[in-house]
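Take the position in the sequence shown, starting the count at 1, then add 726; the result is the number in the numbering used here.
Beta carbons are placed, not taken as given, at the ideal position from N, Cα and C, and that holds for glycine.
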Amino acid sequence: MLRPPAEAKYAEELAYLLSIDKHPKPFTWKLSPRVVRLFILGSQPGDKLDRPIVQKFFGDSGTVERAIVTLASDRGLLLIGDPGTGKSWLAELLAAAICGDSTKVVQGTAGTVEDHIKYSWNVAMVIAKGQSHESLIPSPLMASMKAGTLGRFEELTRCSSDVQDALISMLSEKYVAIPELDEDNIVFAEPGFNIIATANARDRGVNDLSSALKRRFNFVQIPIVKNQKTEREIVTFRTQELLARNSFSIDTPPALLDILLQTFADLREASTAETSEEGRLESALSTAEQICVLEDAILHGQFFGDTQLRPEVLARSLVGSLVRRMPEDVSILSKFWHAVVAKRAKEHGGGWKEFESGGIQALGISEKEAAASGKKAK
727 MLRPPAEAKY
737 AEELAYLLSI
747 DKHPKPFTWK
757 LSPRVVRLFI
767 LGSQPGDKLD
777 RPIVQKFFGD
787 SGTVERAIVT
797 LASDRGLLLI
807 GDPGTGKSWL
817 AELLAAAICG
827 DSTKVVQGTA
837 GTVEDHIKYS
847 WNVAMVIAKG
857 QSHESLIPSP
867 LMASMKAGTL
877 GRFEELTRCS
887 SDVQDALISM
897 LSEKYVAIPE
907 LDEDNIVFAE
917 PGFNIIATAN
927 ARDRGVNDLS
937 SALKRRFNFV
947 QIPIVKNQKT
957 EREIVTFRTQ
967 ELLARNSFSI
977 DTPPALLDIL
987 LQTFADLREA
997 STAETSEEGR
1007 LESALSTAEQ
1017 ICVLEDAILH
1027 GQFFGDTQLR
1037 PEVLARSLVG
1047 SLVRRMPEDV
1057 SILSKFWHAV
1067 VAKRAKEHGG
1077 GWKEFESGGI
1087 QALGISEKEA
1097 AASGKKAK
């Protein structure tokens, strides 16, 4: 399986936690709130468990606790924050721990319609036998209602407002009416049903939620991780997963990880200090983007290098990941490189020198591409 869901990936941990869980459980939950928290945030020596539980979400424990408590209530949970802050990962972990199934997901897009949220019909069966329960195709959320489990709605604000409002009856009345059927035309939610939604706070192409829908969600903010110690743990955790998944053996020097973390910290500081939107990179500069940069550099080193992570390759990967608008991002990153990265290379030497050189080379190529695309546009 290319990417197993959390309940399959951590099946042994979940089975062990289920066997030792003696705490009260709401509704049809497989694990109690205390043990759900333990599954997500990992065990401590003081827990005195027979086996360690790895930490899977690196964030504030209060945020995780509030999310768990919300799911035990009648209100839906909306995880909101900048792109790449781990909202979807937390939603998946919560669903896996609470009901053992994180795959009942609706992916919000500009093309999402009400049928994706409620139900649709098997056209061939409708033509042959008419509309009936047999020809009804329940959405993942309706399937969650019937089973009394958690449904997930990714990128809720990508959908248009009228489509979003299809959730209101699910969240408030806890049922979905099917007017096309004459009998048994209402699907009621079983105990344990709830919805975990995610939304980006800062992104293009998003739609505001209606006031009515906002009142039916508890909002839990997932901030960008700015603590370098926590960020290092997240990046290391994800990198180890990549290496294990692909059976790679590549040297990842801690000094290079420090360079990556410091560069992102400097970029965020520069972005915060910039007063105009045009002077900022389009990237959210999230931890997820750091992971993508490092993974790209590792794969390059594995397939085209000498199984070593090189500073110049890391720099090229960073430039390639962050340059999205031509020529605006090239100009912003070029100024940053010559002002901040060059200064650090002069002060610290070592890998910073090669990192500076690799970035300048990559930016030079990007500048040529930007100039060429500008000429074509004319």
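Open item on the list: Taking the straight line between their C-alpha atoms, what separation do you get for lysine 1104 and methionine 1052?
Closed with: Because lysine 1104 carries a pLDDT of 48, less than 50, the predicted location of this residue cannot be relied on, and the following value inherits that uncertainty. About 14 Å.
Open item on the list: Mapping the DSSP letters down to three states, classify glutamate 880 as helix, strand or coil.
Closed with: strand
Task: Residue burial classification, arginine 1050 (beta-carbon count within 10 angstroms, cutoff 16) - done: exposed
Open item on the list: What would DSSP say about phenylalanine 963, mapped onto helix, strand or coil?
Closed with: helix
Open item on the list: What does the Cβ neighbour count give for glycine 812, buried or exposed, with the cut at 16 atoms within 10 Å?
Closed with: With 16 or more other Cβ atoms within 10 Å, it is buried.
- [ ] Report the residue ranges of all beta strand (DSSP E) runs contained in full by the segment 791-867; include only those spanning at least 3 residues, in chain order.
- [x] You should have 802-807, 831-833, 845-847, 862-864.
TODO: Verify whether the separation of the beta carbon atoms of alanine 793 and leucine 816 is less than 8 Å.
DONE: yes
TODO: Specify the secondary structure class of asparagine 944 as computed by DSSP and reduced to three states.
DONE: strand
Open item on the list: Rounded to whole angstroms, what is the Cα-Cα separation between isoleucine 921 and leucine 867?
Closed with: 8 Å
Open item on the list: Let me check understanding here. Comparing Cα to Cα, which of Val762, His749, Pro750 lies closest to glutamate 733?
Closed with: Val762
- [ ] Would you tell me roughly how many angstroms separate the C-alpha atoms of valine 1066 and leucine 1011, rounded to the nearest one?
- [x] 16 Å
TODO: Could you check the C-alpha separation between proline 778 and lysine 1061 for me, to the nearest Å?
DONE: 46 Å
- [ ] Return the CA-CA distance between valine 932 and aspartate 888, expressed in angstroms with no decimal places.
- [x] Going by the C-alpha atoms only, they are around 13 Å apart.
- [ ] Going by DSSP, name the residue or residues bridged to asparagine 920.
- [x] Leu876
Open item on the list: Can you find the residues in the same chain that come closer than 7 Å, C-beta to C-beta, to valine 831, ignoring five residues on each side of it along the sequence?
Closed with: Same-chain partners within the cutoff: Pro866, Arg878, Glu880.
- [ ] Identify whether lysine 1104 lies in helix, strand or coil by the three-state DSSP scheme.
- [x] Residue confidence for lysine 1104 is low, a pLDDT of 48 falling below 50, so the modelled location carries little weight and cannot support an answer.
Task: Residues bridged to valine 913 (per DSSP) - done: Valine 913 pairs with Val902.
TODO: Just mark glycine 772 as buried or exposed, buried being the case when its beta carbon has 16 or more other beta carbons within 10 Å.
DONE: exposed
Task: Buried versus exposed, by CB contacts within 10 Å (16 or more), valine 780 - done: exposed
Task: Residues that DSSP places opposite asparagine 926 in a beta bridge - done: Answer is Gly807.
Open item on the list: Could you tell me the alpha carbon to alpha carbon distance between lysine 774 and isoleucine 746, rounded to whole angstroms?
Closed with: 12 Å
Open item on the list: Within 8 Å, do at least three Cβ pairs link the segment 932-947 to the segment 982-990?
Closed with: No, the segment 982-990 does not touch the segment 932-947.
- [ ] Measure from the alpha carbon of isoleucine 976 to the alpha carbon of each residue in Thr1033, Ala821, Val1056, then state which is nearest.
- [x] Thr1033
Open item on the list: Assess contact between the segment 996-1007 and the segment 949-958, defined as three or more Cβ pairs (one per stretch) separated by less than 8 Å. Is contact present?
Closed with: When Cβ pairs closer than 8 Å are counted between the two stretches, the segment 996-1007 is seen not to touch the segment 949-958, the count staying below three.
Open item on the list: Please report the distance separating the alpha-carbon of leucine 876 from that of lysine 900.
Closed with: Linking leucine 876 to lysine 900 through their CA atoms gives a straight-line distance of about 13 Å.
Task: For aspartate 977, the residue or residues it bridges with in DSSP - done: Gln1034
Task: CB of alanine 923 within 8 Å of CB of leucine 820, strictly - done: no
Task: Enclosing alpha helix (DSSP H) for glutamate 671 [first to last residue] - done: Any property of residue 671 remains undetermined from this structure, which presents the chain solely from 727 to 1104.
Task: For lysine 955, three-class secondary structure by DSSP - done: Helix at lysine 955.
Open item on the list: If you measure between the beta carbons of valine 790 and leucine 757, is that distance less than 8 Å?
Closed with: No, the pair does not count as a contact, with Cβ atoms beyond the cut-off.
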